[in-house]
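A short worksheet on the structure shown next.
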Amino acid sequence: PPVRVCVCILVTLLDTRTVPGELKWAASPSEGGWEEVSIMDEKNIPIRTYQVCNVLEPSQNNWLRTDWIPRSGAQRVYVEVKFTLRDCNSLPGVTGTCKETFNLYYHESNEDRESYIKESSFIKVDTVAADESFTQVDVGDRIMKLNTEVRDVKVTTRKGFYLAFQDVGACIALVSVRVFYKTCPLTIRNLATFPDTVTGADTSSLVEVRGSCVNQSEEREEPKMYCGADGEWLVPIGGCLCNPGNEDKGGACKACSVGFYKARSSDAGCSKCPPHSHSLRDGATVCDCHSGFFRADSDPPSMACTQPPSAPQQLISVVNETSVVLEWAPPRRLGGRSDTSYSLELGSGSGSQLCLPCGSDVLFSPGQTGLKTTRVVVSELRAHTHYTFIVHSRNGVSQSSGAGAAQSVSVTVTTNQSVTTLQRKFATDVTRHSLSLSWQQPDRPNGVILEYEVKFYEKDQKERSYRIMRTFSRSVDVTGLNPLTVYVFHVRARTAAGYGESYNFLVGDFCVNSAFLLLSVSGVGILLLISAAVFIISRRRSKYSKTKQDSEEEKHLNPGVKIYVDPFTYEDPDQAIHEFAKEIDVSSIHIERVIGMGEFGEVCSGRLRVQGKREIYVAIKSLKAGYSDKQRRDFLSEASIMGQFDHPNIIRLEGVVTRCKPLMIITEYMENGSLDAFLRKHDGQFTVIQLVGMLRGIASGMKYLSDMSYVHRDLAARNILVNSNLVCKVSDFGLSRVLEDDPEAAYTTRIPIRWTAPEAIAYRKFTTASDVWSYGIVMWEVVSYGERPYWDMNNQDVIKAIEEGYRLPAPMDCPVVLHQLMLDCWERERAERPTFSQILNMLDKLIRNPGTLRVGSEVCVSVVPEVCVPEWSVCEWLQSIGLERYRDTLAAAGYTSLDSLLALTHQ
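Structure representation (structure tokens):
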């Protein structure tokens, strides 16, 4: 494993090796106890030490107290004592009086006024023993065995403190005493400065520190970190962003160079000016456009400066009586934009007189302004009138100051005389072979109507065979029609200018016998009723039998199903992660708080802001520093697996961060956490239908995984996450690689024995069927509100009990139907277990028929849908298949049970 390097700062309060001259600490008794002695250390530098060796006299109580030590804001100090100690066995005749330990005490005080030692005021820290002691021979050979011991002391109530050493009969020499405390060093994280911070008073305490943004930056989200007890900073939360015109350069905000810009604080860094623009000074927030180029108000600063388009080309017109079709080609020069639109302007008159109003009755199709198409049909014009059409081309910068007027092209046309479309038509006096047809006069004839033309044909003939009638009146009698036939009629008027537009409509089906139709529908309904009754009830009498087909065989029956790809088959793990997971810009992630510790590092909650999408809450797994290549591969493999899944009951991968450190996996945030803890917290608060709904969601997710040929191997309630809407989602896809990589996994704690099928424990045979076994355990966990499967039995007892046929009993208030489904999942032979598809169908039936979930009710249970039919009445059964209208008819005829329906005949 990598070596952990402490980055904390140690602040020394006392170091006897650096004190010049004598220490002159207080000793009690002043004579015959501790004695100050000068010696040479290992570098031949003189140092002051204290020694005592009263081993021949019993009941020793020799005290040595340091001078007053100011704590300088420290809340927990560390005392490092280096000492030598004589082995009692090397001293003859000291049995019972010689000791090999001494005691360390401390006493807090606001000032240095205590000239003598008051033993009762001191608090004991610890009894200190030597790891190695020396003998007289060692001393003669100059082999001194130096011991180093460190103890920590909480000092928070006074300005300073004393240390005291109590000898109770040892032969000991204090070589050096050093007192220090730890601080988290000054650091810059996420463009926020965090000052030197003294660690907390407790070994588990975290000191929250708010950071301040560096120069030329602004707060994105309140920057803060926690100083740990070991003097190390924990994961930063929030941070700052460089102001517009500045970018992050090694933790400081520097101005963008000439030719570069940064428009928003949230931008990653300075960008080169887009085409046709420039910046002439450092720290530009936007690039100015070159002469003749413009930028629209809605254009982002990253967009190139553009120009207005040139005029449309090749404008042509086609006159059709009082309608004109205009078509043109796009401008030769679009100005570098894709938002070119067109508008039409028109006037009536001749020559240059284009200001005459055209009236509100002129129609433009598809419109007159904001056109994206290059074709317009103008209708409802006046006959024999001169019109001038002007087509303008515009884009987003046409209205910009200095851009000039829109470019245009024009054409002048003259309309013809024609008749307008006829008004509403009526078909009356409909008989089996004839009808009378009438219509209203056009609102604008544009001349004298000479005649009307009526053209009609059978709809199925599609004008292959038609008849035409002409008349001077606004009605006509049509004879010789075929009954039960739909006819299409076209009616139009003719003036001296020609025919106008025709009006089309349908007439037909005017001789249908309604009594015959009703009789046919009733006969079909009765026939369906009898057929359904015979089929379903006969299936009910068949014996219970389960499918013997493996899930692998089912896959061949469903070609086109997406199949899971193992990311470990890729030689380069980065290829897999980039193929299956989306890379997320780390600036879009906002960490809010630490919610736990994972196998690879911290797990945090936060928010993800992706441009163009709404902000969402996410969970963030990070890979701790100092990771190995294998740890990196294993960490990212879970994202490569999750990235292949897309199902409402599978935890959704939002993306990964691999281009900067720390590496992160971003998933959707599940507010209620793991299912087992959630159920224990809300014990007994849900209805059976709600619990079955949770199980249904898990089964749906597992069916999706099995359809993709993915075996989970670690399905358990702890690996199911619950969101605020009580939707359960399958998660934790990391165990499959662990089990494949560990050859002894079958007998280690890495395998979740209580949730694993017998063949998977004994023979490492993991299949969808073994996941079904685990699903049965999850069902038991859900109904028991998170109780531990097999309670306090150890793993070996669980394995033995299952081999002997033992199965978990029904939890309290568990419906019989649910426990029977659990037992089906725990069949010894994996081929006898239901598939997830069958489990899902069974749970859907239970939800649709909540009466089957009554505690203690004896109902027919089966995961094969057509085998089991609930014990319904005839009325309930008819209602379930949508034929409840026959209830009274059957009851009057004496059919009162499902079995009696077998006697029904067609008559």
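With mature numbering (1 follows the signal peptide of the UniProt record, and there is no 0) as the guide, the letters of the sequence shown map in order to residues -21 to -1, 1 to 886. Glycine residues also receive a C-beta, built at the ideal position from the N, C-alpha and C atoms.
{"query": "Whole-number beta carbon distance between A290 and S387, since they are thought to touch under 8 Å", "result": "6 Å"}
{"query": "Where the beta strand (DSSP E) through R27 begins and ends", "result": "25 to 32"}
{"query": "Rounded straight-line distance, which links the Cα of L170 to that of V193", "result": "6 Å"}
{"query": "Pairwise C-alpha distance: L684 and P790", "result": "28 Å"}
{"query": "Whole-angstrom distance between P25 and N41, CA atom to CA atom", "result": "25 Å"}
{"query": "Residues bridged to K22 (per DSSP)", "result": "Beta-bridge pairing links K22 to no other residue."}
{"query": "F159 and T(-10) closer than 7 Å at C-beta", "result": "yes"}
{"query": "Check whether Y366 and V341 have beta carbons under 7 Å apart", "result": "no"}
{"query": "Limits of the beta strand (DSSP E) - the one that I151 falls within", "result": "150 to 163"}
{"query": "Minimum C-alpha distance to P164 - residue among R157, V156, F173", "result": "F173"}
{"query": "The region 349 to 357 contacting the region 307 to 323, beta-carbon criterion three pairs below 8 Å", "result": "yes"}
{"query": "For E93, three-class secondary structure by DSSP", "result": "coil"}
{"query": "Through-space distance from M758 to D209, alpha-carbon basis", "result": "44 Å"}
{"query": "Whole-angstrom distance between Q195 and E650, CA atom to CA atom", "result": "37 Å"}
{"query": "Local Cβ density within 10 Å of L869, reported as buried at 16 or more and exposed below that", "result": "buried"}
{"query": "Cβ neighbours of M19 in the same chain (closer than 8 Å, five flanking residues each side left out)", "result": "P25, I26"}
{"query": "Cα-Cα separation, C232 to L632", "result": "33 Å"}
{"query": "C-beta contact flag for Y596 and Y648 at 7 Å", "result": "yes"}
{"query": "Complete runs of the alpha helix (DSSP H) confined to the region 537 to 614 [at least 4 residues]", "result": "552 to 559"}
{"query": "Among V455, R311, S302, K61, nearest to Q292 - alpha-carbon criterion", "result": "R311"}
{"query": "Within 7 Å, strictly: CB atoms of V709 and I818", "result": "no"}
{"query": "Opening and closing residue of the beta strand (DSSP E) in which V706 lies", "result": "Counting along the chain, V706 falls outside any beta strand (DSSP E), and DSSP gives it neither H nor E."}
{"query": "Same chain, Cβ closer than 8 Å to A780, five either side skipped, listed in chain order", "result": "Y769, M772"}
{"query": "N820, enclosing alpha helix (DSSP H) - first and last residue", "result": "815 to 827"}
{"query": "Other residues of its chain near L(-12): CB distance less than 7 Å, five sequence neighbours each side excluded", "result": "F159, K161"}
{"query": "Heavy atom of the ligand ZN within 6 Å of E782 beta-carbon", "result": "The model on display carries no ligand, and the ligand ZN is accordingly not part of it."}
{"query": "Cβ shell of F579 (< 6 Å), same chain only, five flanking positions each side left out", "result": "L602, F614"}
{"query": "Nearest-angstrom Cβ-Cβ length linking N82 and K103, presumed shorter than 8 Å", "result": "6 Å"}
{"query": "For E437, the first and last residue of its enclosing alpha helix (DSSP H)", "result": "Note, E437: premise wrong, no alpha helix (DSSP H); beta strand (DSSP E) at 430 to 437."}
{"query": "Minimum C-alpha distance to L429 - residue among Q419, T450, Y445", "result": "T450"}
{"query": "Closer than 7 Å to chain D by CB, G262", "result": "In the structure shown, chain D cannot be found, because there is only a single protein chain."}
{"query": "Sufficient close CB pairs (3 or more, under 8 Å) joining the region 53 to 69 to the region 5 to 17", "result": "no"}
{"query": "Span separating the alpha-carbon of A53 from that of I668", "result": "58 Å"}
{"query": "Supposed contact pair G663 and Y764 - C-beta distance, whole angstroms, cut 8 Å", "result": "7 Å"}
{"query": "Assumed close pair A283, D261 - CB separation to whole angstroms, cut-off 8 Å", "result": "Actually they are not in contact, since the Cβ atoms of A283 and D261 sit about 22 Å apart, beyond 8 Å."}
{"query": "Exposed unless 16 or more other CB atoms sit within 10 angstroms - verdict on Q286", "result": "buried"}
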